[in-house]
Amino acid sequence: MDGYLPVRVNVPLEDYRRLNAEAEARGITIAERIAQTLTPPKHGGARPNSGRRSGYTTRAGEEISAGRRFNQSWAEISRHLGISEHTARTWAAKYATEVREQNMRDRAGRTAS
Numbered sequence: 001m002d003g004y005l006p007v008r009v010n011v012p013l014e015d016y017r018r019l020n021a022e023a024e025a026r027g028i029t030i031a032e033r034i035a036q037t038l039t040p041p042k043h044g045g046a047r048p049n050s051g052r053r054s055g056y057t058t059r060a061g062e063e064i065s066a067g068r069r070f071n072q073s074w075a076e077i078s079r080h081l082g083i084s085e086h087t088a089r090t091w092a093a094k095y096a097t098e099v100r101e102q103n104m105r106d107r108a109g110r111t112a113s
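Okay, structure coming up:
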């Protein structure tokens, strides 16, 4: 980098001093240090679903599936688990996928042996 940033960046004076000290300690220019600060990390940056983890468990999926089998409404099931109806439907789909994948693995194991 030639010491210039591709965009204008307003940096508070105390932050500029700190970044300048860090840049000098690393032997790079202040522009490079500011660019490092503004650039997201190459690994582990913002990724889909990296926010709050889902509370989904296979047990919850089983409960939703059983509830639907016994003709409970989505509202009843979601109220029982303390989740929204949308989340209950999503978890039910996730559980169905888990079951389907496990059945395929079991079938493949029986076929191979």
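FYI, the numbering for the sequence shown is 1 to 113, going by full-length UniProt numbering.
All residues carry an ideal CB built from backbone N, CA and C; glycine is no exception.
> Out of curiosity, what's the CA-to-CA distance linking G67 and G61?
Replying inline: Numbered from its first residue, the sequence shown carries residue 67 at position 67. Numbered from its first residue, the sequence shown carries residue 61 at position 61. Roughly 10 Å between the two C-alpha positions.
> Any idea what DSSP makes of N10, helix, strand or coil?
Replying inline: To locate residue 10, count along the sequence shown from 1; it is residue 10. Three-state result, N10: coil.
> Which full runs of the alpha helix (DSSP H) of 4+ residues lie inside the segment 32–110, going along the chain?
Replying inline: Taking only runs of at least 4 residues, the alpha helix (DSSP H) segments lying wholly in the segment 32–110 are 58–69, 74–81.
> Between A21 and S54, what straight-line distance do the alpha-carbon atoms span, to the nearest angstrom?
Replying inline: Numbered from its first residue, the sequence shown carries residue 21 at position 21. Numbered from its first residue, the sequence shown carries residue 54 at position 54. Distance between the alpha carbons of A21 and S54: 41 Å.
> What is the DSSP secondary structure of I30, counted as helix, strand or coil?
Replying inline: Here residue 30 is taken as the residue at index 30 of the sequence shown, counted from 1. DSSP places I30 in helix when its eight states are reduced to three.
> Which residue from F70, S78, R33 puts its Cα closest to that of L19?
Replying inline: Along the sequence shown, one-based indexing puts residue 19 at 19. Ranking F70, S78, R33 by CA distance to the CA of L19 puts R33 first.
> So T74 packs on A88, CB below 8 Å; how close in whole Å?
Replying inline: Start at 1 with the first residue of the sequence shown, and residue 74 comes out as number 74. Start at 1 with the first residue of the sequence shown, and residue 88 comes out as number 88. At residue 74 the sequence reads Trp, which differs from the Thr that was named. Yes, W74 and A88 are in contact; Cβ-Cβ is about 5 Å, under 8 Å.
> Between the C-alpha atoms of I83 and I64, what's the straight-line distance to the nearest angstrom?
Replying inline: On the sequence shown, position 83 is the one that residue 83 refers to. On the sequence shown, position 64 is the one that residue 64 refers to. Cα to Cα, I83 sits roughly 11 Å from I64.
> From A35, A25, T58, Q36, pick the residue whose C-alpha is nearest to that of V99; which is it?
Replying inline: Locating residue 99 in the sequence shown gives position 99, where the first residue counts as 1. In terms of Cα proximity to V99, the closest of A35, A25, T58, Q36 is T58.
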